[in-house]
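Protein sequences, first through last, are from chains A and B.
One gets the numbering used here by counting positions in the first sequence from 1 and adding 19 to each.
One gets the numbering used here by counting positions in the second sequence from 1 and adding 156 to each.
Beta carbons are placed, not taken as given, at the ideal position from N, Cα and C, and that holds for glycine.
Note that the structure is predicted; figures quoted are calculated from it, not measured.
Remarks on the structure that follows.
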Amino acid sequence: MPIRGKAVMYFAGVDIGSTMTKVVMIGEAGDVVSAIKGPTGPEYRRLANEVMQRALEQARLDIEQVSYIVATGYGRLKVPFADRQITELSCHARGVSSLFPTVRTAIDIGGQDAKCMKIRDGKLVTFVMNDKCAAGTGRFLEVTAATLNIKLEDMGELSLKATKKIQISNLCTIFAQQEVVALLSRGERVEDILAGLHEALASRVAALARRLNIEPDLVLTGGVAKNIGIVRAMKENLGCEILVPDEPLLTGALGAALLAREAYMKATASGEKLPTKQRRLERATFFG
Amino acid sequence: MSDKNKGLSRAREIYLNRSQRARELKAAGRRIIGYPCVYVPVEMLTALDIVPFQTCGEMKEPISEASRVLPSSFCPVMRSCLDCALKGKHDFLDGMATIHSSDPQEKTARIWQSYTNYPYFHFIDMPITVRPEALEYFRNQLSDFGKTLGAFAGRNLSTSNLAAAIRSHNRQRGLVRELFELTKSSPPRISGTEIVQVVRALTSLPVLEGNDLSAEVIAEVRSRTNGPERKSGRLLIWGSTVDDAEVMQVLEANANVVVNESCGGLRAYRGEVKLGNDLLGGLASYYLREITCARTFRQAVLGETKKDYARDLQSRFGYLQRMIKEWRINGVIMLLVRYCDPFAFEMPSLKDYLDSLGIPSTYIEYDYTAGSLAPLRTRVEAFVETLG
């Protein structure tokens, strides 16, 4: 996502996911002026401030210069400086559409959930999400990476060296972890186990996505989209090409920023003044 | 009106402490009989001067005791309801009247009887179709229920008392319908959350006290100026049970819930029991035919479900079309409590029907725990955002 020049008005999208907090700031023409990621952690209200501060520093802006701020994601309700909250589904749909105008289906696999969205004319039409379970989410990969004692970011490349795809019968994260231990004790190669894990995750998410009528272009986002093994397995499961943005973690925050801009411009055009929160990065306490 | 002993404030107080009034009545010598489902004809209890008390689950209470006797892959509402009973939260009850309104209700009835020590227990075997022979069977079941209730109360169920009780409960139904009339405006004059609190309060009070409360609420709502704000969605919630104010608050996060078509809302109050020569027949007909829960099998023409799907859908869900028009609904949420199979099976057909009407709808499942509220909120808000 390129960072371009300066504008008079600026807008921000803050996406507090279960694992990562992301901020994207744009100018009045929709040009990205800063994009920052940081871990969410338990004190997400404090960390939202920190990530926002870093985004402002990157853009060399002061928070008073930001006209409108939209918060999204799992922690959207607890961003003290956000003017409005919009769900991550609408924000992802908007963000993905800005990068891939021909998108009709988007799948976002985050740290805690997986969501599949149908998009038309840049807007969310319908969606499905996984239930309250870590299977089919980034958490599934985190747990199994720890069990295999490999880095999360190395999983994808390693899986490409598989010589066979081992069937992982358990989609439950906890039971899959036990199954991985059993496979290791049986002498199976890590690469082959990884290929099996990716297949297990991809088949679960694909089954979820098929509840919607999948139409191309299909875009995959979220932290899990950085895993080349998952992208490949998803492609095989869905039987179609998959587009992945350069920064698949940032589409929600980008969409939030774009929706902030649109809401502000629309209100301004009709002479309305949108209510905004105090432009101060106050240090909110966890219990506040 | 800020008087805690009146109207909405009183309803909220009773909702938050549902058993308090029942305990007071018990201390004053009244008999209280619990019932877990709106299919139990409460008129028969009222007619014998017994206070009906609907036993509910508590979403925030972790289920522990019920896990000893019920599997985890089982209706969480019934598990929670039984859990409360096993923890002694319903120790003021003199008995339980249970009914085969769903398989979990039937299976739990036996456990309820075995693991609690109420002096009275009765199970009503309710048929699942609306055929004439089913109606006759159900009427006979109600006759048996009347006999065991009479034996427990020490007097017979008289026609005049039953007719009076039916009138009182019909009045209650009329008052709840009036409450929902107040959601037809935009913004609605009463929120879905407030209605949940009122309806839950009604199911824990003697009918006449409940009717006074409803009348107070209606008068208060009509005269107040600080009602709910207008939101972009005007939603109809269709599901088994939406009887928790926190769930309703989540459903109303960015929308107005104007119809709660669940047994915690309008469903049990839409019709009226007909007063004729055969009062038990009237009760049987009302409970079997008029309450449109997914547990009852209906078809347009006997044996013709496949031949004319559109007609079949119309006969099953036509009442929703009328609601959508009258309340100017712009979105329907099919809210499923996990493992509620009767509603889950009904859902694909209802989705087809709503699609045929051009009404946006979504299906959301939750597991009746406090932890399910945040994911529920995201799904509800996202759906309302798609309504524009």
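Straight-line CA distance for residue i to residue j?
i, j, result
"E337 (chain B)", "G432 (chain B)", "28 Å"
"P235 (chain A)", "A228 (chain A)", "12 Å"
"L164 (chain B)", "P384 (chain B)", "13 Å"
"E521 (chain B)", "R535 (chain B)", "10 Å"
"A279 (chain A)", "Q72 (chain A)", "18 Å"
"D300 (chain B)", "F294 (chain B)", "10 Å"
"D511 (chain B)", "R168 (chain B)", "37 Å"
"S379 (chain B)", "L268 (chain A)", "51 Å"
"P21 (chain A)", "A201 (chain A)", "Any reading at P21 (chain A) must be qualified, since the residue scores a pLDDT of 44, below 50, and its modelled position is unreliable; the value itself is stated next. Near 45 Å, if we compare the C-alpha coordinates of A201 (chain A) and P21 (chain A)."
"R23 (chain A)", "A409 (chain B)", "Note that R23 (chain A) has pLDDT 49, beneath the 50 cutoff, so the model's placement of it is unreliable and no number is given."
"E402 (chain B)", "K216 (chain B)", "10 Å"
"P283 (chain B)", "F453 (chain B)", "10 Å"
"P260 (chain B)", "F230 (chain B)", "7 Å"
"E334 (chain B)", "N367 (chain B)", "12 Å"
"R533 (chain B)", "L435 (chain B)", "44 Å"
"K38 (chain A)", "Q131 (chain A)", "According to the sequence shown, residue 38 (chain A) is Thr rather than Lys. If I take the Cα positions, the gap works out to 8 Å."
"Y465 (chain B)", "R484 (chain B)", "26 Å"
"D34 (chain A)", "E47 (chain A)", "20 Å"
"E172 (chain A)", "R174 (chain B)", "53 Å"
"S528 (chain B)", "V122 (chain A)", "31 Å"
Provide the residue(s) that pair with residue i in DSSP beta bridges, ordered along the chain.
i, result
"C135 (chain A)", "A:I126 and A:V147"
"H278 (chain B)", "B:A253"
"Q104 (chain A)", "A:A90"
"I247 (chain A)", "Partner(s): none; I247 (chain A) has no beta bridge."
"E417 (chain B)", "B:W394"
"S53 (chain A)", "A:M44"
"K162 (chain B)", "For K162 (chain B), which the question treats as bridged, DSSP gives no partner whatsoever."
"Y191 (chain B)", "B:Q210"
"L492 (chain B)", "B:E521"
For residue i, which residues from the same chain have a beta carbon less than 6 Å from its beta carbon, with the 5 sequence-adjacent residues on both sides left out?
i, result
"N312 (chain B)", "G306"
"P344 (chain B)", "P384, N412 and V414"
"I206 (chain B)", "R187 and I189"
"L491 (chain B)", "I393, G395 and I520"
"V70 (chain A)", "T40, V42, I55 and G57"
"A244 (chain A)", "V263 and P267"
"G307 (chain A)", "Bear in mind that a pLDDT of 41 at G307 (chain A), under 50, signals an unreliable position, so the model cannot answer this."
"D281 (chain B)", "H256 and Q297"
"I247 (chain A)", "G175"
"S222 (chain A)", "N256"
Here's the rule: buried if 16 or more other CB atoms are within 10 angstroms of the residue's CB, otherwise exposed. What is residue i?
i, result
"G105 (chain A)", "The residue you asked about is not Gly; residue 105 (chain A) is Ile in the sequence shown. Per the 10 Å Cβ criterion, buried."
"G60 (chain A)", "exposed"
"A222 (chain B)", "buried"
"L172 (chain B)", "exposed"
"F501 (chain B)", "exposed"
"F194 (chain A)", "exposed"
"F539 (chain B)", "buried"
"A219 (chain A)", "buried"
"D265 (chain A)", "exposed"
"T315 (chain B)", "exposed"
"V488 (chain B)", "buried"
"D399 (chain B)", "buried"
"C259 (chain A)", "exposed"
"G544 (chain B)", "exposed"
"C191 (chain A)", "exposed"
"Q176 (chain B)", "exposed"
"F305 (chain A)", "Note that F305 (chain A) has pLDDT 45, beneath the 50 cutoff, so the model's placement of it is unreliable and no number is given."
"A252 (chain A)", "buried"
With a threshold of 8 Å on Cβ separation, who are the neighbours of residue i within its own chain once the five nearest residues in sequence on each side are excluded?
i, result
"G141 (chain A)", "A112, R113, S116, S117 and P120"
"E376 (chain B)", "M157, K162, G163 and L164"
"R298 (chain A)", "I82, E83, V85 and F100"
"E207 (chain A)", "I185"
Excluding the 5 residues preceding and the 5 following residue i in the sequence, name in chain order all residues of the same chain whose CB lies nearer than 7 Å to its CB.
i, result
"P498 (chain B)", "S258, A450 and R451"
"L143 (chain A)", "L108, S109, A112 and M136"
"P197 (chain B)", "L298, L439 and Y443"
For residue i, which option in the options has the closest C-alpha, if you only look at C-alpha atoms?
i, options, result
"I170 (chain B)", "B:Y465, B:E350 and B:R426", "B:E350"
"Q84 (chain A)", "A:Y93, A:G92 and A:I45", "A:I45"
"S347 (chain B)", "B:T315, B:A290 and B:N416", "B:N416"
"Y495 (chain B)", "B:P232, B:R533 and B:I489", "B:P232"
"G36 (chain A)", "A:G92, A:D50 and A:N68", "A:G92"
"P208 (chain B)", "B:R386, B:W268 and B:K182", "B:K182"
"Q77 (chain A)", "A:V89, A:A90, A:V51 and A:K97", "A:V51"
"K481 (chain B)", "B:S341, B:A320, B:G185 and B:K243", "B:S341"
"I322 (chain B)", "B:K243, B:V429 and B:R472", "B:V429"
Examine the ligand COA and report whether any of its heavy atoms sits within less than 6 Å of the Cβ of residue i.
i, result
"F100 (chain A)", "Of the ligands one can find in the structure shown there are none, so the ligand COA has no counterpart to examine."
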